[in-house]
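Written below as structure tokens is the structure these notes are about.
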Amino acid sequence: MIVAIEGIDGAGKTTQAKRLVRFLRSKGVAAEYTSEPTGSALGRMIKSYLRRGGANPHLLALLFAADRIYHLNKVVNPMLERGQVVVCDRYLYSSYAYQGVMTGSPLWVREINKMAPHPDIAVLLDISVEEALRRKKKRIRFEDPGFLEEVRREYLRLCEAGLMVKVDAGGGVDVVFGELVRVVAPRLGLRPSA
Ligand SMILES: Nc1ncnc2c1ncn2[C@@H]1O[C@H](COP(=O)(O)OP(=O)(O)OP(=O)(O)O)[C@@H](O)[C@H]1O
Ligand SMILES: [Mg+2]
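Just so we're aligned, residue -4 is where the sequence shown starts under my numbering, counting upward by one.
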């Protein structure tokens, strides 16, 4: 199973995804953490473009899709073959939201990502842009407030379309984690409490 943890920058994805892995392991479920963009040459290229800013959005979308193929082949599929639950810190719907908004070509973004399976469970850690930026306390290209508002709206549309489940990520770490477990645990056949 692939469990994708999604949300805008600073929503708490890494914090919650790592905690979810610890929780699942404590319940006897073999689980692994992984994240996108990866640490591969492609992932490093993406991160460097993001740091410098001004990259062509279609080029960036293709790099994300290529890095995702690498991630699936080298990391995710081997984990799935070992029977592990893969908790993925950003995945396919990050491209739907971010690259969809950046390129203005959401259908094309879906097309170039057709090789990636949809996640079994996708959670949107939903937070206001204001609070997310407060948590991050720094500004790079992706953290432009207007842009992040659009990305958040796109994520919320994916929830309305039934692709993701929304969790309110505005509370403290424990509160958010409790909500996350209530969403994920029953789908993995576990009791719905942290
Ligand atoms: N529920 C919370 N309440 C307050 N602070 C939080 C909460 N969750 C995470 N944080 C803090 O906010 C910051 C961002 O959290 P985190 O790195 O988990 O977010 P992220 O979604 O992974 O961000 P990015 O998109 O940049 O990877 C960290 O300093 C983290 O400790
Ligand atoms: Mg993170």
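We put the beta carbon where it would ideally sit given N, CA and C, even for glycine.
With respect to 6 Å, is the separation between the Cβ of V171 and the closest non-hydrogen atom of ligand 1 below this value?
yes
Beta-carbon proximity check, Y88 vs A111, cutoff 7 Å:
no
Taking G167 and S123 to be in contact with their CB atoms under 8 Å, please state how far apart those CB atoms are, rounded to whole angstroms.
Wrong, their Cβ atoms sit about 15 Å apart, outside the cutoff.
For V71 and V82, believed in contact at Cβ under 8 Å, the rounded distance
Going by Cβ atoms, the distance from V82 to V71 rounds to 11 Å, so no, they are not a contact pair.
With DSSP collapsed to three states, give me the class of V70.
helix
Would you mind stating whether L185 and C154 have Cβ atoms separated by less than 7 Å?
no
Is the distance from the Cβ of H66 to the Cβ of E31 below 7 Å?
yes
Closer than 6 Å: is that where the CB of T9 sits relative to any heavy atom of ligand 2?
yes
Cα separation between R148 and Y28?
27 Å
Quick check on DSSP: helix, strand or coil for K161?
strand
Have a look at the DSSP bridge pairing and note the partners of E27.
V81
Check for me: the beta strand (DSSP E) holding I(-3) runs from which residue to which?
I(-3) to E1
Got a sec? Which residues, its chain only, sit under 7 Å from V104 by beta carbon, not counting five neighbours each side?
A56, S90, Y91, Q94, G95 and T98
By DSSP, does I107 sit in helix, in strand, or in coil?
helix
Is it true that the stretch 172 to 181 meets the stretch 8 to 28, where meeting means three or more beta-carbon pairs spaced less than 8 Å apart?
yes
Which residues in the same chain have their Cβ closer than 8 Å to the Cβ of Y150, if we skip the five residues on either side of it in sequence?
E1, G2, I3, Y88, A92, L119, D121 and M159
Would L102 be called buried (16 or more neighbouring beta carbons within 10 Å of its own) or exposed?
exposed
Using DSSP with H/G/I as helix, E/B as strand and the rest coil, what is L185?
coil
Apply the 10 Å Cβ neighbour rule to P73 and answer buried if 16 or more other Cβ atoms are within range, or exposed otherwise.
exposed
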